[in-house]
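Engineer:
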Amino acid sequence: MSPAIEVIGVAKAFGTVVAAADLNVAVASGEIVGIVGANGAGKTVFVNMITGYEKPTAGRILFHGQDITPLPPREITQLGICRSFQVSQVFTSMTVFENMLVALSINRNRGLRMLRDIRQAPLAREAEELLGRFGLAAQRDRLARELPQGMRKLLDIAMALAARPRVLMLDEPTSGISSEEKFEFMSVVMGALAEGNVTVLIVEHDMDIIQRFVSRVLAFSQGRIICDAPPAEALSNAEVIQYVLGTDHAVA
Amino acid sequence: MAHRDHTLRWLALASFLLVVIACFVPGWLLNQMLFASARGLAVLGLLVLWRAGLVSLGGALFFGLGAYSVALLQRMAGITDALLLLALAAGISGLSGFVLGFLLRRYRGIFFAMMNLAFSMILYGAAVKNRALGSTDGFGVAQPSFFGITFAEPADAKLALFAVLVVAGYAVMCCVHWYWKSTLGWLGAAVRDNEIRVEYLGYSVERVIHVKYTLSAVLGGLGGAFLAMGLGQVDPDSMINWVASGEMLFVMILSGSASVAAPFVGSFLFELLRTYALEVAPLAWQFIIGATLVLLILFAPNGVWSIFARLFGRAAAR
Chain A
1 MSPAIEVIGV AKAFGTVVAA ADLNVAVASG EIVGIVGANG AGKTVFVNMI
51 TGYEKPTAGR ILFHGQDITP LPPREITQLG ICRSFQVSQV FTSMTVFENM
101 LVALSINRNR GLRMLRDIRQ APLAREAEEL LGRFGLAAQR DRLARELPQG
151 MRKLLDIAMA LAARPRVLML DEPTSGISSE EKFEFMSVVM GALAEGNVTV
201 LIVEHDMDII QRFVSRVLAF SQGRIICDAP PAEALSNAEV IQYVLGTDHA
251 VA
Chain R
1001 MAHRDHTLRW LALASFLLVV IACFVPGWLL NQMLFASARG LAVLGLLVLW
1051 RAGLVSLGGA LFFGLGAYSV ALLQRMAGIT DALLLLALAA GISGLSGFVL
1101 GFLLRRYRGI FFAMMNLAFS MILYGAAVKN RALGSTDGFG VAQPSFFGIT
1151 FAEPADAKLA LFAVLVVAGY AVMCCVHWYW KSTLGWLGAA VRDNEIRVEY
1201 LGYSVERVIH VKYTLSAVLG GLGGAFLAMG LGQVDPDSMI NWVASGEMLF
1251 VMILSGSASV AAPFVGSFLF ELLRTYALEV APLAWQFIIG ATLVLLILFA
1301 PNGVWSIFAR LFGRAAAR
């Protein structure tokens, strides 16, 4: 079976700055992969290229064997690759429930069905169910802009999940969340994802989160993957320690 | 608990009462109601765009196109039936909006606003410089027939036209109300809030804007067509010029975006305001109009509909 995501010889340059250089990696269905690296190492560019936000200057990206390199973000999303963002992207003037309704409705309706009343009972039930899975049921009628950072991030991920993704990319999901709350946050997220056999790629700075929640680590430095290994092995790798963790870092 | 939406019932009742009232009001007031409702249709089109965060400074583009379509279809094709003229004018306007939409859907903010103004000024220039289009004076529009009936009395024809306008207005309000409740309608607010999220939910932002732009063009054209028939003439200054676009924006802000009926109420208030401002201060009526706009933005930024909603103790519908 072809990998869920296959990146072949992908490169990306912004002028003279190389953000990705000859990346070659395959991610199997159902894998949970952590993407680590110092700031500017090329992690987000990697995610942006897979989700169509940035186009590679060379190379190809395949999704279950289909070349998605030239596709715009919405077509990549329609195929089943969804994402959340470092800065949560929600509809701030809508309530939490309305955010979910819009996200679900876009993905369940096409063509003339887009003209059907958005408050259809099946959609409303699904929205309630998703909000419940993400612990947001009590926030149902709050405006998204009034949510605390953590809840807004959860909503962002819940909306991405509305498209029933086969691959979900989480860009720094715990940034801006206190260290006391991050494990609970990630447990909620991974619990919600566990039900769908979703392939997950997590860009993350927090190595505790990486160790606990992923099965494989891709470590980036200067646009290159310097290590591709299970967490324990990756976090004790000399290059990873030097370029990602810092030399004073000790892995428990 | 599910909230039952009675909007359309109230609008049906209001529309019926409006036609009844129109039977008894003096001619000048019927004219005001007719002109206001015609402009209200176009303003409702602008409101469709506004709810997606888009402001057009060229609302008169499609308004004028609809008006001139009626005049030219009557003059050149000999079409006299009001319904056919209305349908064709709305269609021509909508088609123009659809074609222009391929370009305009790429622009936001001031560029979207000014591109619309630019196209309206191109149409204005074409109308002013073209003798076949009546140049600066425009030309007359004959009294139309209704289902093959031609009224002997102009007053009866005007009343019939107003009745058609109210029915069309009600149908339009139902469609827009229905549209706003649909997924595509909600995507207006979604685009206004966050285009990136819309794209990453798998839907084209440009398509959302294109649909809204075309709908806005249809409504603008329909409004212009009614005004041309109600006024009995078309002219570039009152129908295509940027001042006409500015008036539509004024009415849009005066109305607020809370309801599909708001543009019609706002438009009627504007007609009254302008009429009385001209009467009270013939040389400084713009002062009154301007001061009203300032007060409105300061004290009722969500338009007069929000005042009604507060008075009647109802939260303004989103």
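Chains as they are written, first to last, in our numbering: chain A, 1 to 252; chain R, 1001 to 1318.
Don't be surprised by glycine CBs; every beta carbon is placed ideally from N, CA and C.
Suppose the cutoff is 7 Å on Cβ atoms and the five residues either side in sequence are ignored; what does the same chain contact list for alanine 234 (chain A) look like?
Structural biologist: As a position in the first sequence, residue 234 (chain A) is number 234, starting the count at 1. Excluding residues within five positions, the ones whose Cβ falls inside 7 Å are Val217, Ala219, Cys227 and Val240.
Engineer: Identify whether methionine 94 (chain A) lies in helix, strand or coil by the three-state DSSP scheme.
Structural biologist: In the first sequence, residue 94 (chain A) corresponds to position 94, counting from 1. It is coil, neither helix nor strand.
Engineer: List the residues of chain R that methionine 151 (chain A) touches, going by C-beta distances under 8 Å, in chain order.
Structural biologist: Working through the first sequence from its first residue, we reach residue 151 (chain A) at position 151. What methionine 151 (chain A) touches in chain R: nothing, since even the nearest Cβ is about 16 Å away.
Engineer: In whole angstroms, give me the CA-to-CA distance for valine 1048 (chain R) and glycine 30 (chain A).
Structural biologist: As a first step, residue 1048 (chain R) must be located in the second sequence, where it is residue number 48. As a first step, residue 30 (chain A) must be located in the first sequence, where it is residue number 30. About 43 Å.
Engineer: Nearest to aspartate 1235 (chain R) by alpha carbon, out of R:Val1099, R:Phe1063, R:Phe1268 and R:Ala1155?
Structural biologist: Your numbering for residue 1235 (chain R) matches position 235 in the second sequence. Considering only alpha carbons, the answer is R:Phe1063.
Engineer: Kindly indicate the opening and closing residues of the beta strand (DSSP E) around alanine 19 (chain A).
Structural biologist: Numbered from its first residue, the first sequence carries residue 19 (chain A) at position 19. First-last of the beta strand (DSSP E) with alanine 19 (chain A): 17-27.
Engineer: Using a Cβ-Cβ cut-off of less than 7 Å, list which residues of the segment 87-117 of chain A approach chain R; keep chain order.
Structural biologist: Those residues of the segment 87-117 of chain A placed with their C-beta closer than 7 Å to a C-beta in chain R are Gln89, Val90, Phe91, Thr92, Ser93, Met94, Val102, Ala103, Ser105, Ile106, Asn107, Asn109, Met114, Leu115, Arg116 and Asp117, ordered along the chain.
Engineer: Could you tell me which residues DSSP puts in a beta bridge with glycine 34 (chain A)?
Structural biologist: On the first sequence, residue 34 (chain A) is found 34 positions in, with the first residue counted as 1. Glycine 34 (chain A) pairs with A:Ile202 and A:Val217.
Engineer: With distances taken from CA atoms, which of R:Gly1230, R:Leu1219 and R:Ala1277 is nearest glycine 1091 (chain R)?
Structural biologist: As a position in the second sequence, residue 1091 (chain R) is number 91, starting the count at 1. Selected option, being the one with the closest Cα: R:Leu1219.
Engineer: Between histidine 1177 (chain R) and the rest of its own chain, which residues show a CB-CB distance below 7 Å, the 5 nearest in sequence each way excluded?
Structural biologist: Position 177 of the second sequence, counted from the first residue, corresponds to residue 1177 (chain R). If you ignore the 5 residues before and after histidine 1177 (chain R), its C-beta comes within less than 7 Å of the C-beta of Thr1007, Leu1008 and Val1260, all in its own chain and listed in chain order.
Engineer: May I have the straight-line CA-CA distance separating serine 187 (chain A) from proline 230 (chain A), to the nearest angstrom?
Structural biologist: The count along the first sequence starts at 1 and reaches residue 187 (chain A) at position 187. The count along the first sequence starts at 1 and reaches residue 230 (chain A) at position 230. When rounded, the distance between both Cα atoms is 20 Å.
Engineer: With distances taken Cα to Cα, identify the nearest neighbour of glycine 1109 (chain R) among R:Ile1297, R:Val1304 and R:Leu1054.
Structural biologist: By one-based count along the second sequence, residue 1109 (chain R) stands at place 109. The option with the nearest alpha carbon to glycine 1109 (chain R) is R:Leu1054.
Engineer: Counting pairs of beta carbons, one from the segment 1181-1191 of chain R and one from the segment 90-105 of chain A, are three or more of them closer than 8 Å?
Structural biologist: yes
Engineer: What first and last residue would you give for the alpha helix (DSSP H) that runs through phenylalanine 1250 (chain R)?
Structural biologist: The residue given as residue 1250 (chain R) occupies position 250 in the second sequence. Per DSSP, phenylalanine 1250 (chain R) belongs to the alpha helix (DSSP H) from 1242-1255.
Engineer: Quick one: what's got a C-beta closer than 7 Å to leucine 1065 (chain R)'s C-beta in the same chain, skipping five residues either side?
Structural biologist: In the second sequence, residue 1065 (chain R) corresponds to position 65, counting from 1. Answer for leucine 1065 (chain R): Ile1092, Ser1093, Ser1096, Leu1123, Gly1221 and Gly1224, listed in chain order.
Engineer: I need the boundaries of the alpha helix (DSSP H) containing glutamate 1271 (chain R), first residue and last residue.
Structural biologist: Indexing the second sequence from 1 puts residue 1271 (chain R) at position 271. Its alpha helix (DSSP H) spans residues 1262-1280.
Engineer: Can you give the Cα-Cα distance for arginine 1004 (chain R) and phenylalanine 1147 (chain R), rounded to whole angstroms?
Structural biologist: As a working note, residue 1004 (chain R) is residue 4 in the second sequence. As a working note, residue 1147 (chain R) is residue 147 in the second sequence. When rounded, the distance between both Cα atoms is 37 Å.
Engineer: According to DSSP, phenylalanine 14 (chain A) sits in a beta bridge with which residue or residues?
Structural biologist: Your numbering for residue 14 (chain A) matches position 14 in the first sequence. Partner(s): A:Val17.
Engineer: So, is alanine 250 (chain A) buried or exposed, given that buried needs 16 or more other C-beta atoms within 10 angstroms?
Structural biologist: The residue you call residue 250 (chain A) lines up with position 250 of the first sequence. Caution applies to alanine 250 (chain A), whose pLDDT of 49 falls short of 50 and renders its modelled position unreliable; the value that the coordinates give is listed next. Counting Cβ neighbours within 10 Å, alanine 250 (chain A) comes out exposed, since fewer than 16 surround it.
Engineer: Let me know if asparagine 1130 (chain R) comes out buried or exposed under the rule of 16 or more other beta-carbons within 10 Å of its beta-carbon.
Structural biologist: Mapped onto the second sequence, residue 1130 (chain R) falls at position 130. With fewer than 16 Cβ atoms within 10 Å of its Cβ, asparagine 1130 (chain R) is classed as exposed.
Engineer: What residues from the segment 1190-1206 of chain R come within 8 Å of chain A, judged by C-beta to C-beta, listed N to C?
Structural biologist: Answer in chain order: Ala1190, Arg1192, Asp1193, Asn1194, Ile1196, Arg1197, Val1198, Glu1199, Tyr1200, Leu1201, Gly1202, Tyr1203 and Ser1204.
Engineer: Kindly indicate which three-state DSSP category serine 175 (chain A) falls into: helix, strand or coil?
Structural biologist: Taking the first residue of the first sequence as 1, we reach residue 175 (chain A) at position 175. In the structure shown, serine 175 (chain A) sits in coil (DSSP, three-state: anything other than H, G, I, E or B).
Engineer: Could you tell me whether the segment 1025-1033 of chain R touches the segment 1191-1206 of chain R, where touching means 3 or more Cβ pairs closer than 8 Å?
Structural biologist: no
Engineer: Along the chain, where does the beta strand (DSSP E) containing glycine 59 (chain A) start, and where does it finish?
Structural biologist: On the first sequence, position 59 is the one that residue 59 (chain A) refers to. It spans 58-63 - the beta strand (DSSP E) in which glycine 59 (chain A) sits, taken as one unbroken run.
Engineer: What does the alpha-carbon distance come out to for the pair alanine 127 (chain A) and isoleucine 50 (chain A)?
Structural biologist: Translated into positions along the first sequence, residue 127 (chain A) becomes position 127. Translated into positions along the first sequence, residue 50 (chain A) becomes position 50. Rounded to whole angstroms, alanine 127 (chain A) to isoleucine 50 (chain A) spans 27 Å at the Cα level.
Engineer: Starting from the Cα of methionine 1252 (chain R), find the closest Cα among R:Pro1144, R:Gly1138, R:Ser1306 and R:Leu1018 and give me that residue.
Structural biologist: The count along the second sequence starts at 1 and reaches residue 1252 (chain R) at position 252. Relative to methionine 1252 (chain R), the option among R:Pro1144, R:Gly1138, R:Ser1306 and R:Leu1018 whose CA is nearest is R:Ser1306.
Engineer: If the criterion is Cβ atoms closer than 8 Å, does the pair valine 203 (chain A) and leucine 154 (chain A) meet it?
Structural biologist: Here residue 203 (chain A) is taken as the residue at index 203 of the first sequence, counted from 1. Here residue 154 (chain A) is taken as the residue at index 154 of the first sequence, counted from 1. No.
Engineer: Determine the contact status of isoleucine 32 (chain A) and valine 200 (chain A), defining contact as a CB-CB distance below 8 Å.
Structural biologist: Residue mapping note: residue 32 (chain A) aligns to position 32 of the first sequence, counting from 1. Residue mapping note: residue 200 (chain A) aligns to position 200 of the first sequence, counting from 1. For isoleucine 32 (chain A) and valine 200 (chain A), yes; Cβs fall inside 8 Å.
Engineer: Return the chain-ordered ranges of every beta strand (DSSP E) run that is complete within the segment 1138-1213 of chain R and spans a minimum of 3 residues.
Structural biologist: none
Engineer: Measure from the alpha carbon of glutamine 211 (chain A) to the alpha carbon of each residue in A:Ile106, A:Ala20, A:Ile35 and A:Leu130, then state which is nearest.
Structural biologist: Here residue 211 (chain A) refers to the residue found at position 211 when the first sequence is read from its first residue. Answer by Cα proximity: A:Ile35.
Engineer: For glutamate 6 (chain A), which of helix, strand or coil comes out of DSSP?
Structural biologist: Position 6 of the first sequence, counted from the start, is the residue given in the question as residue 6 (chain A). In this structure, glutamate 6 (chain A) counts as strand in the three-state DSSP scheme.
Engineer: Let me confirm a value: cysteine 1023 (chain R) is counted as buried when at least 16 other C-beta atoms fall within 10 Å, else exposed. Which label applies?
Structural biologist: In the second sequence, counting from the first residue as 1, residue 1023 (chain R) sits at position 23. Counting Cβ neighbours within 10 Å, cysteine 1023 (chain R) comes out exposed, since fewer than 16 surround it.
Engineer: Going by DSSP in three states, arginine 145 (chain A) sits in which element: helix, strand or coil?
Structural biologist: To locate residue 145 (chain A), count along the first sequence from 1; it is residue 145. In this structure, arginine 145 (chain A) counts as helix in the three-state DSSP scheme.
Engineer: Count the other CB atoms within 10 Å of the CB of alanine 1262 (chain R); is the residue buried (16 or more) or exposed (fewer)?
Structural biologist: Position 262 of the second sequence, counting from 1, holds the residue named residue 1262 (chain R). Alanine 1262 (chain R) comes out buried.
Engineer: Measure how close the beta-carbons of serine 84 (chain A) and aspartate 156 (chain A) come, nearest whole angstrom, since I'm counting them as under 8 Å.
Structural biologist: Walking along the first sequence from the start, residue 84 (chain A) turns up at place 84. Walking along the first sequence from the start, residue 156 (chain A) turns up at place 156. Confirmed, about 5 Å.
Engineer: I think alanine 103 (chain A) touches alanine 162 (chain A), with their Cβ atoms under 8 Å apart; what is that distance to the nearest whole Å?
Structural biologist: For the purposes of this step, residue 103 (chain A) is identified with residue 103 of the first sequence, where counting begins at 1. For the purposes of this step, residue 162 (chain A) is identified with residue 162 of the first sequence, where counting begins at 1. Rounded, the Cβ-Cβ distance is 4 Å, consistent with contact.
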